[in-house]
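Only one structure is covered here, and it is reproduced in the block below.
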Amino acid sequence: MFTDSGKGVAIMVNSDNGVNVANYLVQSVAREYGWNYVPEQESAADLLMLIADLKGPQAALARYGELKKAGASSPYAMDENTLIVIGYHFLFSGQTDAAVQAFRLGVEDYPKYWNAYDSLGEAYLKTGQRELAIQNYQKSIELNPQNQNGINALKKIRDQK
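Numbering (my numbering), first residue to last: 204 to 364.
Next comes the structure, spelled out in C-alpha coordinates:
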(Lines of atoms letter the chains of each structure in order from A; the text may use other names.)
(Lines give C-alpha, C1' and ligand atoms only; values in the text may rest on other atoms or scores of the structure.)
Protein backbone atom coordinates (compact mmCIF):
# COMPACT_ATOMS: atom_id res chain seq x y z
CA MET A 204 0.00 0.00 0.00
CA PHE A 205 1.14 3.50 -0.77
CA THR A 206 0.33 5.96 2.02
CA ASP A 207 0.66 9.02 -0.23
CA SER A 208 -2.05 7.85 -2.64
CA GLY A 209 -4.01 5.41 -0.49
CA LYS A 210 -3.75 2.82 -3.24
CA GLY A 211 -2.67 -0.73 -2.69
CA VAL A 212 -3.39 -4.37 -3.23
CA ALA A 213 -3.99 -7.26 -0.83
CA ILE A 214 -2.89 -10.72 -1.83
CA MET A 215 -3.48 -13.80 0.28
CA VAL A 216 -1.47 -16.97 -0.27
CA ASN A 217 -1.72 -20.51 0.94
CA SER A 218 1.28 -22.46 -0.34
CA ASP A 219 5.00 -22.91 0.16
CA ASN A 220 5.87 -20.55 -2.68
CA GLY A 221 2.84 -18.29 -2.37
CA VAL A 222 4.82 -15.31 -1.14
CA ASN A 223 7.08 -15.51 -4.18
CA VAL A 224 4.09 -15.64 -6.51
CA ALA A 225 2.50 -12.75 -4.62
CA ASN A 226 5.62 -10.62 -5.15
CA TYR A 227 5.30 -11.12 -8.91
CA LEU A 228 1.63 -10.16 -8.73
CA VAL A 229 2.38 -6.97 -6.78
CA GLN A 230 4.97 -5.96 -9.36
CA SER A 231 2.52 -6.63 -12.16
CA VAL A 232 -0.26 -4.61 -10.51
CA ALA A 233 2.15 -1.74 -9.80
CA ARG A 234 3.23 -1.65 -13.46
CA GLU A 235 -0.35 -1.81 -14.69
CA TYR A 236 -1.47 1.12 -12.53
CA GLY A 237 1.72 3.14 -12.87
CA TRP A 238 2.57 3.05 -9.18
CA ASN A 239 6.00 4.28 -8.15
CA TYR A 240 7.03 0.90 -6.78
CA VAL A 241 10.62 -0.25 -6.67
CA PRO A 242 10.80 -3.83 -5.45
CA GLU A 243 13.78 -5.24 -3.65
CA GLN A 244 16.06 -7.30 -5.85
CA GLU A 245 14.52 -10.73 -5.99
CA SER A 246 16.31 -13.81 -4.77
CA ALA A 247 17.61 -16.11 -7.48
CA ALA A 248 17.17 -19.02 -5.06
CA ASP A 249 13.43 -18.33 -4.79
CA LEU A 250 13.10 -18.22 -8.57
CA LEU A 251 15.13 -21.40 -8.97
CA MET A 252 12.99 -23.26 -6.43
CA LEU A 253 9.86 -22.26 -8.35
CA ILE A 254 11.41 -23.47 -11.60
CA ALA A 255 12.53 -26.70 -9.93
CA ASP A 256 9.03 -27.37 -8.64
CA LEU A 257 7.42 -26.61 -12.00
CA LYS A 258 9.95 -27.95 -14.50
CA GLY A 259 12.42 -30.04 -12.53
CA PRO A 260 15.99 -29.77 -11.25
CA GLN A 261 17.71 -29.65 -14.63
CA ALA A 262 15.62 -26.67 -15.73
CA ALA A 263 16.46 -24.88 -12.48
CA LEU A 264 20.17 -25.54 -12.84
CA ALA A 265 20.08 -24.43 -16.48
CA ARG A 266 18.39 -21.19 -15.40
CA TYR A 267 21.08 -20.72 -12.75
CA GLY A 268 23.66 -20.87 -15.53
CA GLU A 269 21.78 -18.21 -17.49
CA LEU A 270 21.55 -15.94 -14.45
CA LYS A 271 25.24 -16.42 -13.71
CA LYS A 272 26.12 -15.53 -17.28
CA ALA A 273 23.94 -12.39 -17.06
CA GLY A 274 25.96 -11.24 -14.05
CA ALA A 275 25.12 -7.78 -12.73
CA SER A 276 22.50 -7.26 -15.43
CA SER A 277 20.36 -9.99 -13.87
CA PRO A 278 17.38 -8.75 -11.85
CA TYR A 279 17.97 -11.56 -9.36
CA ALA A 280 20.31 -11.48 -6.39
CA MET A 281 22.81 -14.34 -6.40
CA ASP A 282 25.56 -15.14 -3.95
CA GLU A 283 27.47 -18.12 -2.60
CA ASN A 284 24.34 -19.38 -0.83
CA THR A 285 22.09 -19.53 -3.91
CA LEU A 286 23.18 -23.02 -4.92
CA ILE A 287 23.18 -24.17 -1.31
CA VAL A 288 19.53 -23.17 -0.94
CA ILE A 289 18.52 -24.91 -4.16
CA GLY A 290 20.67 -27.94 -3.30
CA TYR A 291 18.91 -28.38 0.03
CA HIS A 292 15.58 -27.91 -1.71
CA PHE A 293 16.50 -30.92 -3.85
CA LEU A 294 17.97 -32.89 -0.95
CA PHE A 295 14.91 -32.47 1.28
CA SER A 296 12.58 -33.44 -1.56
CA GLY A 297 14.46 -36.70 -2.14
CA GLN A 298 16.25 -35.58 -5.31
CA THR A 299 19.70 -36.52 -4.06
CA ASP A 300 21.41 -36.68 -7.46
CA ALA A 301 20.21 -33.16 -8.27
CA ALA A 302 21.33 -32.00 -4.81
CA VAL A 303 24.83 -33.39 -5.37
CA GLN A 304 24.90 -31.68 -8.77
CA ALA A 305 23.86 -28.32 -7.29
CA PHE A 306 26.36 -28.57 -4.43
CA ARG A 307 29.16 -29.58 -6.81
CA LEU A 308 28.37 -26.53 -8.91
CA GLY A 309 28.54 -24.45 -5.72
CA VAL A 310 32.02 -25.79 -4.97
CA GLU A 311 33.11 -25.02 -8.54
CA ASP A 312 31.69 -21.49 -8.48
CA TYR A 313 32.81 -20.67 -4.91
CA PRO A 314 35.92 -22.80 -4.24
CA LYS A 315 36.89 -20.80 -1.16
CA TYR A 316 33.47 -20.99 0.52
CA TRP A 317 33.60 -23.53 3.32
CA ASN A 318 29.84 -24.04 3.47
CA ALA A 319 29.73 -25.23 -0.16
CA TYR A 320 32.00 -28.14 0.80
CA ASP A 321 30.06 -28.81 4.00
CA SER A 322 26.80 -29.06 2.05
CA LEU A 323 28.35 -31.28 -0.62
CA GLY A 324 29.70 -33.50 2.14
CA GLU A 325 26.21 -33.85 3.57
CA ALA A 326 24.76 -34.79 0.18
CA TYR A 327 27.51 -37.35 -0.43
CA LEU A 328 26.88 -38.84 3.00
CA LYS A 329 23.17 -39.09 2.28
CA THR A 330 23.92 -40.93 -0.97
CA GLY A 331 26.27 -43.35 0.79
CA GLN A 332 29.47 -41.94 -0.70
CA ARG A 333 31.39 -41.83 2.56
CA GLU A 334 34.87 -41.16 1.18
CA LEU A 335 33.65 -38.18 -0.87
CA ALA A 336 31.73 -36.96 2.17
CA ILE A 337 34.89 -37.15 4.28
CA GLN A 338 36.94 -35.29 1.67
CA ASN A 339 34.42 -32.46 1.46
CA TYR A 340 33.91 -32.16 5.20
CA GLN A 341 37.69 -32.03 5.63
CA LYS A 342 37.96 -29.27 3.02
CA SER A 343 35.17 -27.30 4.75
CA ILE A 344 37.04 -27.53 8.06
CA GLU A 345 40.30 -26.56 6.37
CA LEU A 346 38.59 -23.40 5.09
CA ASN A 347 36.73 -22.78 8.35
CA PRO A 348 38.25 -24.50 11.41
CA GLN A 349 35.23 -23.33 13.44
CA ASN A 350 32.82 -25.39 11.30
CA GLN A 351 31.32 -27.45 14.11
CA ASN A 352 28.87 -29.20 11.79
CA GLY A 353 31.75 -30.54 9.69
CA ILE A 354 33.74 -31.53 12.77
CA ASN A 355 30.74 -33.40 14.20
CA ALA A 356 29.96 -35.07 10.87
CA LEU A 357 33.52 -36.33 10.48
CA LYS A 358 33.53 -37.68 14.01
CA LYS A 359 30.25 -39.48 13.40
CA ILE A 360 31.47 -40.96 10.10
CA ARG A 361 34.70 -42.18 11.65
CA ASP A 362 32.92 -43.63 14.70
CA GLN A 363 30.72 -45.71 12.37
CA LYS A 364 33.70 -47.51 10.79
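For glycine and all other residues, C-beta sits at the position ideal for the given N, C-alpha and C.
Just so we're clear, the structure is a prediction, and the values are computed from it rather than from any experiment.
What separation, rounded to the nearest whole angstrom, lies between the Cα atoms of S343 and A280?
-> 24 Å
If I'm right that A301 touches F295 with Cβ under 8 Å, what's the distance once you round it to whole angstroms?
-> Not quite, the Cβ-Cβ distance comes to about 11 Å (not below 8 Å), so this is no contact.
Simplified DSSP assignment, three categories, for E283 | coil
Under 7 Å, do L308 and L328 count as touching if we go by C-beta distance?
-> no
Could you give the residue range of the alpha helix (DSSP H) that holds Q261?
-> 260 to 273
Below 8 Å, can you find three or more Cβ-Cβ pairs linking the stretch 335 to 350 to the stretch 314 to 324?
-> yes
Starting from G309, follow the alpha helix (DSSP H) in both directions and report where the run begins and ends.
-> 299 to 312
From which residue to which residue does the alpha helix (DSSP H) around K358 run?
-> 351 to 362
Please report the residue range of the alpha helix (DSSP H) in which S322 lies.
-> 317 to 329
Is L286 near the ligand ATP, judged by its Cβ being under 6 Å from some heavy atom?
-> With respect to small molecules bound, the structure shown includes none, and the ligand ATP cannot be examined in it.
Bounding residues of the alpha helix (DSSP H) (the contiguous stretch that carries Q341) | 333 to 346
To the nearest angstrom, how far is it from the Cα of D249 to the Cα of I289?
-> 8 Å
Please look up how many angstroms separate the CB atoms of V229 and V216, rounded, as I've assumed it's under 8 Å.
-> The pair is not a contact, with the Cβ atoms about 11 Å apart (cut-off 8 Å).
In angstroms, rounded to a whole number, what distance separates the CA positions of Y227 and A233?
-> 10 Å
Alpha carbon to alpha carbon, how far is T206 from N352? Give it in angstroms, no decimals.
-> 46 Å
Span separating the alpha-carbon of V241 from that of L264 | 28 Å
Report yes if the CB atom of W317 is closer than 7 Å to the CB atom of N350, and no otherwise.
-> yes
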